[in-house]
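Trainee: Using the numbering used here, the letters of the sequence shown correspond one by one to residues 1 to 286.
Every residue gets a Cβ at the ideal spot worked out from N, C-alpha and C, and that includes glycine.
For clarity, every value in this text was computed on a predicted model and none was experimentally measured.
Below is a structure I'd like to ask you about.
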Amino acid sequence: MRLYRFIAASTLLCSVLCLPVLNPAAFETFQIPSHGAMLNALAYIASGAGPHPVVLLLHGFPGNEKNLDLAQAIRRAGWDVVYFDYRGSWGSPGNFSFTHSIEDTQAAIAYLRDSANAKKLRSDPAYIVLVGHSMGGFMARYVGAQDPAIKAVGLISAADMGVDRMQSLKPGDEKMAVAGLAGHFAAEGMAPLAGCTPESLAKEVAANAAAWNVVALAPKLASRPMLVITSDDGLAPSNDAFVEALHKAGNDEVTAIHLSTDHAYSDERIALEKAVLDGLAYLQHK
């Protein structure tokens, strides 16, 4: 009798475990149209029928640290994550520029808001959060400020791309400042980028310095949750000034975290993951 019960229980357990899992976690590759180019993109799709809230994960300059470990962690927490490469970067066709990267980020948001794409990704087209590292933080902050439907913005060592430097110039100093900024971009390594030079990018920053002013974006982000993470990479002062501007604009949902590590958060990946997941959990329970 005991043997019979054991066999029956084992058979029942096996039948349950062998049932197909509905809507398992998935990984998709696809392309996002942007101004005549098709951007290489990845989606980490959370398990379950959804629709899932979605994080658009934006990489930096030139994008060596892609933060895809964060994508995996965010998916485990029940979110979809979409990553893409801007025009002219990492094999996406077209010419790289900061203006193009802004346009590409907006194109990716439009892609996620399309109902057919949302159905394919099991994502919620009305619940998009921007999370960006370094230059990706610059993109997340600027694009988020222009788009009031973005639910929240997360910045990881957000860069100002030299905007602050250009705005504080004395008359006649622009040529020298452009040369210095071009040297900085060259030192970052531009092999993964096409259709640009360090000089063209530096001149682009100089031409758009007023429009891309970091502190001036704060009032447009005053009504949405903001996560601002900094490290010991020299970008903390700019981000601290932005946090102060957010507070002055009346934003009482700003979380600022400093981690003592390098720009890639090399020895604080778990702490970085926790900070991002805590921020996303706050959104889901507010």
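Alpha carbon to alpha carbon, how far is Met226 from Asp114? Give it in angstroms, no decimals.
Mentor: About 25 Å.
Trainee: Can you tell me the Cβ-Cβ gap for Thr29 and Leu42, rounded? I've got them flagged as a contact below 8 Å.
Mentor: Indeed, because the Cβ distance is near 6 Å, the residues count as touching under 8 Å.
Trainee: Look at the Cβ atom of Val205, then the Cβ atom of Phe98, and state whether they are nearer than 8 Å.
Mentor: Yes, they are a contact pair.
Trainee: Considering Cα atoms alone, identify which of Asp69, Arg75 and Gln31 is closest to Tyr298.
Mentor: Beyond the ends of the chain as shown, which are 1 and 286, falls residue 298; an answer cannot be given.
Trainee: Cα-Cα, which of Ala264, Leu169 and His59 is closest to Ala210?
Mentor: With distances taken between Cα atoms, Ala210 lies closest to Leu169.
Trainee: Would you check if the distance between the CB atom of Ser123 and the CB atom of His59 is smaller than 8 Å?
Mentor: Not a contact, by the Cβ cut-off of 8 Å.
Trainee: Can you tell me where the beta strand (DSSP E) holding Leu22 begins and where it ends?
Mentor: It is not in any beta strand (DSSP E) - Leu22 carries neither H nor E in the DSSP assignment.
Trainee: Given a threshold of 16 other Cβ atoms within 10 Å of its Cβ, counted over all protein chains shown, does Asn23 qualify as buried or as exposed?
Mentor: Per the 10 Å Cβ criterion, exposed.
Trainee: Based on Cα-Cα distance, which residue from His285, Ala275 and Tyr282 lies nearest to Ala73?
Mentor: Nearest C-alpha to Ala73: Ala275.
Trainee: On a CA-only basis, which of Asn64, Ile45, Phe96 and Phe61 is nearest Ala71? Give me that one, please.
Mentor: Of the listed residues, the one whose Cα sits closest to Ala71 is Ile45.
Trainee: Go through the stretch 62-86 residue by residue and report every complete run of the alpha helix (DSSP H) that reaches 4 residues or more, in order.
Mentor: For the stretch 62-86, whole alpha helix (DSSP H) runs of length 4 or above, ordered along the chain, are 68-76.
Trainee: Could you work out which residue in Thr255, Ala207 and Ser47 is closest to Gly78 when comparing CA atoms only?
Mentor: Among Thr255, Ala207 and Ser47, the Cα nearest to that of Gly78 is on Ser47.
Trainee: List the endpoints of the continuous alpha helix (DSSP H) containing Ile156.
Mentor: Looking at the DSSP string, Ile156 is not in any alpha helix (DSSP H); the run it does join, the beta strand (DSSP E), is Ala152 to Ile156.
Trainee: For the stretch 250-261 and the stretch 175-195, state whether three or more C-beta atom pairs, one from each stretch, are separated by less than 8 Å.
Mentor: Because the criterion of three Cβ pairs below 8 Å is not met, the stretch 250-261 and the stretch 175-195 do not touch.
Trainee: Below 8 Å, can you find three or more Cβ-Cβ pairs linking the stretch 155-175 to the stretch 190-209?
Mentor: Yes: at least three Cβ pairs fall under 8 Å.
Trainee: Give me, in chain order, the residues of the same chain whose beta-carbon lies closer than 6 Å to that of His100; leave out the 5 immediate sequence neighbours on both sides.
Mentor: Counting only Cβ-Cβ distances below 6 Å, and skipping sequence neighbours, we find Arg87.
Trainee: Check whether the stretch 229-249 and the stretch 116-130 touch, using three or more Cβ-Cβ pairs below 8 Å as the test.
Mentor: The stretch 229-249, when compared against the stretch 116-130, does not touch it at the 8 Å Cβ threshold.
Trainee: Starting from Tyr265, trace the alpha helix (DSSP H) in both directions and tell me its first and last residue.
Mentor: Run containing Tyr265: none; DSSP gives neither H nor E here.
Trainee: What's the gap between the Cα of Val153 and the Cα of Asp104?
Mentor: Spanning the two alpha carbons is a distance of roughly 17 Å.
Trainee: Do the CB positions of Leu56 and Ala108 come within less than 8 Å of each other?
Mentor: Against a cut-off of 8 Å, the Cβ pair of Ala108 and Leu56 comes out as a contact.
Trainee: So, with DSSP's three-state summary, where would you put Phe6?
Mentor: In this prediction, Phe6 has a pLDDT of 47, which is less than 50 and means its spatial position is unreliable; nothing more can be read from the coordinates.
Trainee: Would you decide whether His133 is buried or exposed? Buried here means 16 or more other CB atoms lie within 10 Å of its CB.
Mentor: Its Cβ being crowded by 16 or more others within 10 Å, His133 is buried.
Trainee: Give the straight-line distance between the Cα atoms of Gly94 and Ala37, rounded to the nearest whole angstrom.
Mentor: C-alpha separation (whole angstroms): 6 Å.
Trainee: Hey, could you find the ends of the beta strand (DSSP E) Val228 is sitting in?
Mentor: Met226 to Thr230 is the span of the beta strand (DSSP E), which, as asked, contains Val228.
Trainee: Suppose you measure from the CA of Leu13 to the CA of His247; what does that come to, to the nearest Å?
Mentor: Any reading at Leu13 must be qualified, since the residue scores a pLDDT of 49, below 50, and its modelled position is unreliable; the value itself is stated next. Near 56 Å, if we compare the C-alpha coordinates of His247 and Leu13.
Trainee: Could you compute how far the alpha carbon of Phe242 sits from the alpha carbon of Ser200?
Mentor: C-alpha separation (whole angstroms): 27 Å.
Trainee: Following the continuous alpha helix (DSSP H) through Val54, name the residue where it begins and the one where it ends.
Mentor: From DSSP, Val54 is part of no alpha helix (DSSP H) but of the beta strand (DSSP E) over His52 to Leu58.
Trainee: Going along the chain, which residues of its own chain have a beta-carbon closer than 6 Å to the beta-carbon of Ala249, five neighbours each way excluded?
Mentor: Taken in chain order, the residues that qualify are Ala218, Pro219 and Ala222.
Trainee: If you reduce the DSSP assignment to three classes, tell me which class Asp233 lands in.
Mentor: If DSSP states are grouped into helix, strand and coil, Asp233 belongs with coil.
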